[in-house]
Every structure is written in C-alpha cells, then in structure tokens.
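Take any residue in the sequence shown, count from 1 to its spot, add 179: that is its number in my numbering.
Here's the structure we're looking at; comments come further down.
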Amino acid sequence: MSLKKNFFKNILTVGFFAYLAQAFSYLASIFIFRIISPEEYGVVSMIVVFSGFIAIFSDAGFSFSVIRGNYNEDFLQRLSGATVLFGLLLSLILALFAQPISWFYGSPELLTPTLCLATTFFLQSFSIIPKAKLQKEEAFKFIGIATVATQGANSAVQLTLAYLGFSYWAFIWGPIVGYTIQACMYLWKTKLIITYGNARETQKVISEVKSLVGHVSGFNLINYWARNSDYLMIGKLYDKATLGVYRNAYFLLMLPLNFVGLVVNQVLLPTLQKVIDTGQSIEKEYKYVEGAVTLLMLPVSLLFIIFPEPFIQLLWGEKWRGVAEYLPYFGVLCYCQATLYPIGVAFVLLKKEKEMFKAGGFNALVLIVAIVSGAFISVKMMVFTYSVAYFLICCPIVIYIGFIKSFGFDKQQAISYWLPRLLLGLAMLIGIHFDYLMVAYVALGLLSVLTIVKEYSKVFWVWNYIFEHLKTKV
C-alpha cells in the first residue's frame, strides 16, 4: 500500500473513533450544562488553571521519544516505570498546592476537589508508554476503541453525577474513572510490564531521552501559560460565573483542535517518521496534511462565526448565552490554529525541538502581554487582543522559524499560502470586534472560496478511496 493510501487509511480509522469520542463529549455536555450552572463550572475552572499547568509535564516528550527511537522491550518497561514514578510525583505536587490554591482564590471549598483531581496524573502515567508503543506499531483501531471507551466512561460519570446533584464533583470523578479504564486497556493490550531498576539504571533510561523531554517540557511550559493566563486573569479579576462562561467558550474551541491533535498527531508521527527514515523531504506530505486540516476546520469556523447565538441556545440553553459573545473570535482562531497544529510533530521528528522552544518562548510572552493588557478592560477585549496578537505576530514567527528556517520548505510557497489567510483572519477579527459584520462575512467568504478552490481535490480523493475500500470488502 502506498504511503498516501496507508496514511488515509489510518486517518479514517482514527478519525472515526475520534468523532465518536467527541460525539460522547458533545452529547453529554448538552445535558450536563443544562444542569450545572456557570458558577459551579467556574469552581472547577479555577482548579484547572493549576492542575493543567502540572499536566503539561505528564508526558513531557516520553511518547515522542518512543515513536522517534528504536528501543527494545526491556528499555520500554523501565521507561514506563520511570514515567509512572514521574506521574506519582506530579500528583503529590498538586496535592501540596491544594491549600495555597484555595488561599489564592479565597475559596476554601477548592481544597478537597483539588486533592481528588491530583490522582489523575498518577493514573494517566500508566498509559503513556503503552499508547506510544501502539502508535509506533500503527495499532490505531485499538487506540480508537480505547479513546471511545475512556471518553464514554468519563461522560457517563459526569452526566450521572450532575443529574444526581453532585455539582462540580461530576468534573472531578469523570476523569478519574476515564483514566483508570484507559490505563487498564493499554496495559492489557501491550502486555507491557512496568519495571523499576536501581537508581543508576533509572538515570540511564532518563539520559536517553532527556534532551527531547527537556525541550518539549520547556515548550509545553511556556505554551501553557500563553493558553491559560486568561483563566487566571478572569478568575482573579471577575466572578466565577464569568470564568465558567468563558471556559465553556474555550471548551468549544478546543474540541475541534483536540480532534485534530488526536487524529493528525497519532497518525502523522509514525507516517512522517517513515519518510524521514528513507531520507526524503517531508514537505509534500506535510502540506497535504495541512490542506486536509484546513478543509476540515472550515465548517466549524463558519458555524462559530455566523451562527453563535442559535448554536449555543440549541446546545446548552439560555443561561449559557454569554458563550456566544466569544464564539466568533474562536471561530477565526480555530481555522488558523488547527492548520498550524501539525507543525509541532514536524519540529520533533526533524529534531528541531530547540527551535520550537525558542519560537514558543517568544510567542508565549507576546500572548501573555496581550491577555493581561486586555483583561483589565474586559473579557471581550482580552479575547480580541489575544486573537490579533496571534495573527499579527505569533503566526508569522512560527511560519518563518518552522517552515522556512528549520524545515527548509519553499519560501515563496509558504508566503503565498499563509499571507492571504492571515490578512483575511485579521479582517474578520476587526469586523467582529467593531461590529462591521459585512467586513467579517466578506473576509470569511473569500477565505472559504480560497480554501475550497485549493483543497477540493482532497475531498474527491478521500471519497474515491472510501468507495474503493468498500467495494473490496463487498
């Protein structure tokens, strides 16, 4: 089977299960957020600012090292043992910070749920190396089944507890149950035995992957605060309800982005590694994936920008109407961020994680300044300043350092592809914020035409592949 056909076979397999998992999340949210109030959701959002920060170290590049390297079973077992110990350490760190977190917000009720949520890092650590091993082996069907089972259990627990009146505890126990099921499934499938050597052996294992882990952890660290300083500012300057509404808007932005990450990253890593192993350039394959992601995200952007209020009213009801105020901005961001999502994979596979760290550090500083300066005016202004900074500064930096300087892609093609998209994105943001909706809709129409004209062939290619695949089954 050709590389392209094999790639799309894996994309369709992972995509099917990823859509199914996202469907569980969407359907559960329809009922959960008609029960849970913005204030209750705001309580969990306060904790997530800090638990999410610790979570960025839970993998820290361990899975990348497994996919990129060629390690024997004994090494993987000891690496898995080191990962579990690291997960336990992260759990203890969050537990120690539970009391300071409650003091920071002036909310004593945060102590107990923070302690409970701390256990998720330990539970999640059991899955990291087994899942990476399955990715390298391209066992995407089982990964998909495990993803659906994990999300299904998470959503079922959340919905049940919300219905029974357990308030924000639904969002605490859902992940605990989900990660437990995920760990059991991956360990059962891989038969990977977690082993621990002496201190010297553990140090040797860590030294094998420390460069990659260090740079990926550093990038995740700075990228986290670029993405989550908004939660911190809203939690400190505004009330719990405002934070709950904003976080749900961000939840809708992250659902399609997480889908892209789940599908593209899982399949793209081993696929591009095969290209690199043959000594070929990844430019052609990367651009093909980039275009497919662009086409996939266009309907989401259209929905968020054109129909924010009807969508939220239908999805969650009147009390979450405030989410619609931020959704058009996130519709513009969704298109661009999803298209750039695979670039992290390319940085790691081409061993350019140092350049990724530098670009991420600069962009994080820019975004944090934009968030803080906007937050003191209003939440809406914060979203606007963040979005403009992302399009005007961060995207050009990533495009230059990534595609042109680090990857050696064709400079003229990169500029001709990205310049009109960035300008149209800025036009949409200005039109949305200053209520020049005609400007926003014209820019959106031009972007839609540009995307469809350039990428329409992929639709027919995928359709023909599916049709041929079904014919062979019959």
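The beta-carbon is built from N, C-alpha and C at its ideal position, and this holds for glycine as well.
*Coarse secondary structure for residue 613, derived from DSSP in three states*: By 1-based counting over the sequence shown, the position of residue 613 is 434. Here residue 613 sits in coil by DSSP.
*Could you please give the first and the last residue of the uninterrupted alpha helix (DSSP H) stretch that includes residue 371?*
Mapped onto the sequence shown, residue 371 falls at position 192. Element bounds for residue 371: n/a, residue is neither H nor E.
*DSSP on residue 278, reduced to helix/strand/coil?*
As a position in the sequence shown, residue 278 is number 99, starting the count at 1. When secondary structure is reduced to three states using DSSP, residue 278 falls in the helix class.
_DSSP-derived helix/strand/coil call for residue 234_ = Here the question's residue 234 lines up with position 55 in the sequence shown. Helix.
*Taking Cβ positions, are residue 568 and residue 549 nearer each other than 8 Å?*
Sequence index remark: in the sequence shown, residue 568 carries index 389 (1-based). Sequence index remark: in the sequence shown, residue 549 carries index 370 (1-based). Between residue 568 and residue 549, the gap from beta carbon to beta carbon is short of 8 Å.
*asked:* Using C-beta distances below 8 Å, list every residue in its chain close to residue 357, excluding the 5 sequence neighbours before and after it, in chain order.
replied: On the sequence shown, position 178 is the one that residue 357 refers to. Residues of the same chain with a CB within less than 8 Å of the CB of residue 357, apart from the 5 flanking positions on each side, are 329, 330, 332, 333, 336 in chain order.
*Best match in 542, 627, 498, 522 for proximity to residue 588 [C-alpha to C-alpha]*: Within the sequence shown, the letter at position 409 stands for residue 588. Nearest of 542, 627, 498, 522 to residue 588, Cα basis: 522.
*Compare the C-alpha of residue 364 against each of 412, 313, 352 and name the closest.*
Here residue 364 is taken as the residue at index 185 of the sequence shown, counted from 1. Selected option, being the one with the closest Cα: 313.
*In three-state terms, what does DSSP make of residue 343?*
Locating residue 343 in the sequence shown gives position 164, where the first residue counts as 1. Secondary structure at residue 343: coil, using DSSP grouped into helix, strand and coil.
_Among 323, 208, 307, 484, whose alpha-carbon lies nearest the alpha-carbon of residue 338?_
As a position in the sequence shown, residue 338 is number 159, starting the count at 1. Its Cα nearest to that of residue 338, the residue 208 stands out among 323, 208, 307, 484.
*Quick one: residues in its chain with C-beta nearer than 6 Å to the C-beta of residue 560, no 5 flanking neighbours on either side, listed in chain order?*
Position 381 of the sequence shown holds residue 560. Correct list, in chain order: 553.
*Helix, strand or coil at residue 495 [DSSP, three-state]*: The residue you call residue 495 lines up with position 316 of the sequence shown. Residue 495 falls in the coil class under three-state DSSP.
*Return the residue from the list 204, 256, 280, 210 that minimises the CA-CA distance to residue 232.*
As a working note, residue 232 is residue 53 in the sequence shown. Nearest C-alpha to residue 232: 280.
*Locate the alpha helix (DSSP H) running through residue 528, then write down its first and last residues.*
One-based indexing of the sequence shown puts residue 528 at position 349. Start and end: 522-528.
*Just mark residue 225 as buried or exposed, buried being the case when its beta carbon has 16 or more other beta carbons within 10 Å.*
The residue labelled residue 225 in the question sits at position 46 within the sequence shown. When all chains shown are included, residue 225 counts as buried.
_residue 630 versus residue 614 - alpha carbon distance_ = Here residue 630 is taken as the residue at index 451 of the sequence shown, counted from 1. Here residue 614 is taken as the residue at index 435 of the sequence shown, counted from 1. So the alpha carbons of these two residues sit roughly 25 Å apart.
_residue 318 to residue 309 span [Cα, whole Å]_ = Taking the sequence shown and counting its residues from 1, one reaches residue 318 at position 139. Taking the sequence shown and counting its residues from 1, one reaches residue 309 at position 130. Between residue 318 and residue 309, the C-alpha separation is close to 11 Å.
*Exposed unless 16 or more other CB atoms sit within 10 angstroms - verdict on residue 327*: Start at 1 with the first residue of the sequence shown, and residue 327 comes out as number 148. When all chains shown are included, residue 327 counts as buried.
*asked:* Helix, strand or coil, according to DSSP, for residue 651 in the structure here?
replied: Stepping through the sequence shown from its first residue, residue 651 is reached at position 472. Residue confidence is low: residue 651 scores 49 on pLDDT, short of 50, so the model does not pin down where it sits. Its coordinate-derived value is still stated next. Residue 651 falls in the helix class under three-state DSSP.
_Whole angstroms are fine: how far does the CA of residue 481 sit from the CA of residue 425?_
As a working note, residue 425 is residue 246 in the sequence shown. As a working note, residue 481 is residue 302 in the sequence shown. For residue 425 and residue 481, the distance between alpha carbons rounds to 20 Å.
_residue 602 versus residue 518: straight-line alpha-carbon distance, rounded_ = Position 423 of the sequence shown holds residue 602. Position 339 of the sequence shown holds residue 518. Near 15 Å, if we compare the C-alpha coordinates of residue 518 and residue 602.
*Beta-carbon proximity of residue 408 to residue 547, cut-off 8 Å*: What you label residue 408 is simply residue 229 of the sequence shown in a count that begins at 1. What you label residue 547 is simply residue 368 of the sequence shown in a count that begins at 1. Yes; because the gap between Cβ atoms is below 8 Å, this pair is in contact.
*Selected residue, minimal CA-CA separation from residue 262, among 374, 323, 345*: The sequence position of residue 262 within the sequence shown is 83, counting from 1. Minimum Cα distance to residue 262 is reached at 374.
*Please name the residue, chosen from 297, 303, 276, that lies closest to residue 260 on a Cα-to-Cα basis.*
Here the question's residue 260 lines up with position 81 in the sequence shown. A check of alpha carbon separations from residue 260 across 297, 303, 276 identifies 303 as the nearest.
*Hey, which unbroken runs of the alpha helix (DSSP H) at 4 residues or more fall wholly within the region 538-573?*
Positions of the alpha helix (DSSP H) runs, each at least 4 residues long and wholly inside the region 538-573, are given as 558-568 in order along the chain.
*asked:* Using C-beta distances below 6 Å, list every residue in its chain close to residue 287, excluding the 5 sequence neighbours before and after it, in chain order.
replied: For the purposes of this step, residue 287 is taken as residue 108 along the sequence shown, with counting starting at 1. The residues are 281.
*Are residue 290 and residue 274 closer than 8 Å when you measure CB to CB?*
Here residue 290 refers to the residue found at position 111 when the sequence shown is read from its first residue. Here residue 274 refers to the residue found at position 95 when the sequence shown is read from its first residue. For residue 290 and residue 274, no; Cβs fall outside 8 Å.
*Can you grab the Cα-Cα spacing for the pair residue 648 / residue 474, in whole Å?*
Here the question's residue 648 lines up with position 469 in the sequence shown. Here the question's residue 474 lines up with position 295 in the sequence shown. Because the pLDDT of residue 648 is 47, which lies under 50, any placement of that residue in the model is unreliable, and the number read from its coordinates should be weighed accordingly. Spanning the alpha carbons of residue 648 and residue 474 requires a straight line of approximately 22 Å.
*Since residue 361 and residue 325 are thought to touch, with beta carbons under 8 Å apart, how far apart are those beta carbons, to the nearest angstrom?*
Taking the sequence shown and counting its residues from 1, the one referred to as residue 361 is at position 182. Taking the sequence shown and counting its residues from 1, the one referred to as residue 325 is at position 146. At roughly 6 Å, the Cβ-Cβ gap stays under 8 Å, so residue 361 and residue 325 are in contact.
*asked:* Let me check understanding here. Comparing Cα to Cα, which of 352, 462, 623, 265 lies closest to residue 301?
replied: Numbered from its first residue, the sequence shown carries residue 301 at position 122. Of 352, 462, 623, 265, the residue nearest in Cα terms is 265.
*Opening and closing residue of the alpha helix (DSSP H) in which residue 309 lies*: Reading the sequence shown from its first residue, position 130 is the one you call residue 309. Looking at the DSSP string, the run of the alpha helix (DSSP H) that includes residue 309 is 307-315.
*What are the boundary residues of the alpha helix (DSSP H) that residue 303 is part of?*
Position 124 of the sequence shown, counting from 1, holds the residue named residue 303. Secondary structure note for residue 303: its alpha helix (DSSP H) is the uninterrupted segment 298-304.
*Can you tell me whether residue 532 is buried or exposed, with buried defined as 16 or more other CB within 10 angstroms of its CB?*
On the sequence shown, position 353 is the one that residue 532 refers to. A residue is called buried when at least 16 other Cβ atoms come within 10 angstroms of its Cβ; residue 532 meets this threshold and is buried.
*Answer yes or no: does any C-beta atom of chain D fall closer than 8 Å to that of residue 420?*
Absent here is chain D; the protein component of the structure consists of one chain.
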